[in-house]
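Contents: one structure, followed by commentary.
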């Protein structure tokens, strides 16, 4: 129930009954804090309870208590994104996001990351066209520290900004752009589309990441001016959710944020939907094999009356097995994939349709583009069915409930809606809007925005294959009209100064550790060999079931790699009684989901359902699990899709590096196999291979069921009663693999022609998984080397040298073996230097181990992480899955926490010496071989060009 508390407050005071209580409540608020709005959770409806306050300086504060887990999430959203940047200074909003982690007056360089990590928390930030937000999730006892940190960078950031930090982060942003846009297949599509969709200098015409030429010309004072213009408390929303005391939290907010001066007024920007006078055709040549066509129509803006109807239209056209584009293009094998979506911003929205063609001569986009337009025209005549509208409603209802499973999810919802609508909780309004959509409204929106309306059509084709485009390019975006750049001087900046009545240099410290409550685990065993483990939670009326079958790729016969994944796909293609479209319609109406995915050792079936809809959802599960359709037509289609998927995957630098790692470490053994298979192995698969794999490995013998949700043990066993009647074969024992001996260190160079970045990996074999043994302890030893943002390797390569967007490590382990990987995507011209720096860090750390301070940091950082690691059903299920997979003690998490606190520096140094010597690692480099080989050969390490098995 909503309670609006504003201008009518004086009337409430005069109303007699209850006036004294209201007055008492208001007098308890800190000075300068006003209550604006309050919503209580309504039983039987999906709502988020909150209170909204306003500080005298304009800061909006939203509090949403949730005492189910001992954690809090803090979100600070600034209503500024790339749309508010000046022409010629693109990328500033995102650039500034990076600078906000570089320290402030009372917080040292890189200390924000260190302090949150040390507190056992996680943090990050993100920027888009319309907003920038920063967020932390920490154990509940760390809330005051987070508020101190966030207020310090709101009020005192510029005291710590330096030219050196500016230059390092400028380099980091360029590396991020290279990694996520320039060096990624199809990475420039959205940039090219925006340049064609919007007029030159429209706020959405440039990318949030910015243009490198703009980033190159600006100076540190431009950045300071951006902060002073947009980062005032009156342009910010502070949202806090989780386990906190409201009065104490408001007092902290008033203390740390109340004295920060208001910034310049921030007027609303006018809505600016794009308009087109004709179709615009563009062609982008990229290092890809599968051509793609992307079609965009300008529509309205975020919050427009017809926005929800646009979303429903996009779902009907191109999302899921019952969509028009799937039916007409994917199922008929005219396209590898196809779909539609709405990209909605505060100022403008675009309706997108896309289709990917197969590689080779079948990849001509002209006929595919024609087929897409024919499908849309057919939809305009047929319209949307009542049953599909009902399915969309079902999914919307359940998605709203599932979105409340994490505190961060709730906080994000509140912050987003307050930023753009001034109303934190809009779930009921959004659901009502979806329910109000009719077939007539969908048809009207289609006619208004898509039917015979001008559009932008972008063809993405392989290099030098413009002949594959959907249409000859006939549009070139107008050249940007850039003003003359003027260097901003320091005396032009209007600094704001904070006057406090306390010493901000004193960092708050938590009073005591949080108490972590874990739900009791229950177990059940079946005579057929299946095992059930679960936890009852009632935070949301939902159930998550994970069924793991001993049907992973490790069991695939030699030459049939990929059969486990293909079997999982085929089991998902409907039952003997119902097609996949019919079953998907039932699931969508129920608001449920069933997914089947093959992994290394198991195939995992995941069921997500509202508790009230679990029984009919499990009826569908039984259909597909016990009576799969297995049709030749489905098999032929999915086989081709898998082959195209493999081809798509193999274009990425990350896949090349991963496959090189497998080949170098595991030679010709089964562990070197790509889990999704090779083109050759997939081509060899037959439907009979799939059926044989299904008969042998889809069995209760060794099956493990994990249940987390609003069910008791008795209810879980009753709802899953079909398991006890399930019969199947015993699974053959796995044959051990003899791993090859690796002699001498080499650099293995994998060619990725013209790549602007290189993937650098240091790799060696590791240990099989253990929960509390040497594998676990060696991972602890790595924490300060490459296991967190403030680790030695990341600070060196990213923060000190500016070589990379990020560097880190992966400790990979399974039942039989493992691998240790140190990685970084680096500027091509810094490839050899990056190798030198990683070797230096490994050598130093392996010889001396962590310092005493680093051991203390590791203990603090990992000691409280359990407060965050067991919040959502997915997290709980992950813990339980590991428990049954490796036959661990029920308290294995507690045992790990005790090891974190008790392991000494001597032990960690011994493990560092054993596992992190640089000479024990093979070095893998993926990049432009022609330009890289000369610089790599200067390292005096043998260089071998590696051919990747595909």
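Numbering (my numbering), first residue to last: -19 to 930. C-beta atoms are modelled at their ideal positions from N, C-alpha and C, and glycine is treated no differently. Computed from a prediction, not measured in an experiment: that's the story for all the values here.
Rounded distance between the beta-carbons of residue j and residue i, thought under 8 Å
i: residue 371; j: residue 599; result: That pair is no contact at about 17 Å.
i: residue 91; j: residue 837; result: Going by Cβ atoms, the distance from residue 91 to residue 837 rounds to 12 Å, so no, they are not a contact pair.
i: residue 96; j: residue 116; result: 5 Å
i: residue 674; j: residue 551; result: 7 Å
i: residue 394; j: residue 112; result: About 17 Å separates the two Cβ atoms, so there is no contact after all.
i: residue 637; j: residue 906; result: 5 Å
i: residue 58; j: residue 109; result: The Cβ separation is near 13 Å, so there is no contact.
i: residue 912; j: residue 797; result: Not confirmed; about 30 Å, so no contact.
i: residue 745; j: residue 777; result: That pair is no contact at about 24 Å.
i: residue 135; j: residue 240; result: 4 Å
i: residue 450; j: residue 314; result: Actually they do not touch by this definition, with Cβ atoms about 13 Å apart.
i: residue 555; j: residue 609; result: 6 Å
i: residue 801; j: residue 741; result: 6 Å
i: residue 199; j: residue 37; result: With a Cβ gap of about 29 Å, residue 199 and residue 37 do not count as contacting.
i: residue 762; j: residue 841; result: No, residue 762 and residue 841 are not in contact; Cβ-Cβ is about 13 Å, not under 8 Å.
i: residue 41; j: residue 221; result: Actually they are not in contact, since the Cβ atoms of residue 41 and residue 221 sit about 12 Å apart, beyond 8 Å.
Buried versus exposed, by CB contacts within 10 Å (16 or more), residue i
i: residue 193; result: exposed
i: residue 405; result: buried
i: residue 367; result: exposed
i: residue 618; result: buried
i: residue 482; result: exposed
i: residue 54; result: buried
i: residue 486; result: exposed
i: residue 860; result: buried
i: residue 846; result: buried
i: residue 944; result: Since the displayed the chain opens at -19 and closes at 930, residue 944 lies outside it and no answer follows.
i: residue 904; result: buried
i: residue 249; result: exposed
i: residue 86; result: buried
i: residue 247; result: exposed
i: residue 399; result: buried
Coil, strand or helix - residue i by DSSP
i: residue 45; result: strand
i: residue 693; result: helix
i: residue 804; result: strand
i: residue 813; result: helix
i: residue 729; result: strand
i: residue 932; result: This structure gives no information on residue 932, because the portion of the chain shown stretches from -19 to 930.
i: residue 209; result: helix
i: residue 648; result: coil
i: residue 169; result: helix
i: residue 511; result: strand
i: residue 462; result: coil
i: residue 924; result: strand
i: residue 471; result: helix
i: residue 18; result: strand
i: residue 755; result: helix
i: residue 626; result: helix
i: residue 504; result: strand
Residue i: CB within 7 Å of a non-hydrogen atom of the ligand GDP
i: residue 596; result: Although the ligand GDP was asked about, the structure shown includes no ligands whatsoever.
Q) Which runs of the alpha helix (DSSP H) fall wholly inside the stretch 328 to 382 and span at least 4 residues, in chain order? A) 345 to 362 and 366 to 382
Q.
Closer than 8 Å is the cut-off here; do at least three beta carbon pairs connect the stretch 696 to 706 with the stretch 596 to 614?
A. yes
Q) How about the stretch 66 to 77 and the stretch 196 to 210: do they share at least three Cβ pairs that are nearer than 8 Å? A) yes
Q) What are the complete beta strand (DSSP E) segments, minimum 3 residues, inside the stretch 81 to 134? A) 102 to 107 and 112 to 119
Q. What are the uninterrupted segments assigned as alpha helix (DSSP H) that are 4 or more residues long and contained completely in the stretch 847 to 916, given in chain order?
A. 853 to 865, 872 to 882 and 885 to 895
Q.
Below 8 Å, how does it come out for the stretch 291 to 306 and the stretch 410 to 430: are there three or more Cβ pairs, yes or no?
A. yes
Q: Can you check the stretch 230 to 304 for any alpha helix (DSSP H) of at least 4 residues that lies completely inside it and give the ranges in chain order?
A: 287 to 298
Q | Start-end ranges of the beta strand (DSSP E) lying completely within the stretch 561 to 608, minimum 3 residues | A | 573 to 578 and 583 to 590
(Q) When you compare the stretch 516 to 524 with the stretch 686 to 696, are there three or more beta-carbon pairs, one atom per stretch, that lie closer than 8 Å? (A) yes
Q) If we count Cβ pairs, one from each stretch, closer than 8 Å, do we get three or more for the stretch 487 to 506 versus the stretch 623 to 634? A) no
Q.
Tell me whether the stretch 568 to 578 and the stretch 354 to 365 touch, counting them as touching only if at least three CB pairs, one residue from each stretch, are closer than 8 Å.
A. no
Q: List in chain order: all unbroken alpha helix (DSSP H) runs of 4+ residues lying wholly within the stretch 692 to 724.
A: 693 to 699
Q. Do the stretch 297 to 312 and the stretch 579 to 594 meet, that is, are 3 or more Cβ pairs less than 8 Å apart?
A. no
Q) On the three-pair Cβ rule with 8 Å, is the stretch 865 to 877 touching the stretch 750 to 757? A) yes
Q: Could you tell me whether the stretch 883 to 900 touches the stretch 819 to 837, using the rule of 3 or more Cβ pairs below 8 Å?
A: yes
Q: Would you check if the stretch 619 to 627 and the stretch 539 to 547 touch, i.e. whether three or more CB-CB distances between them fall below 8 Å?
A: yes
Q: Flag this pair as touching only if the stretch 638 to 656 and the stretch 462 to 479 have three or more C-beta atom pairs under 8 Å; answer yes or no.
A: no
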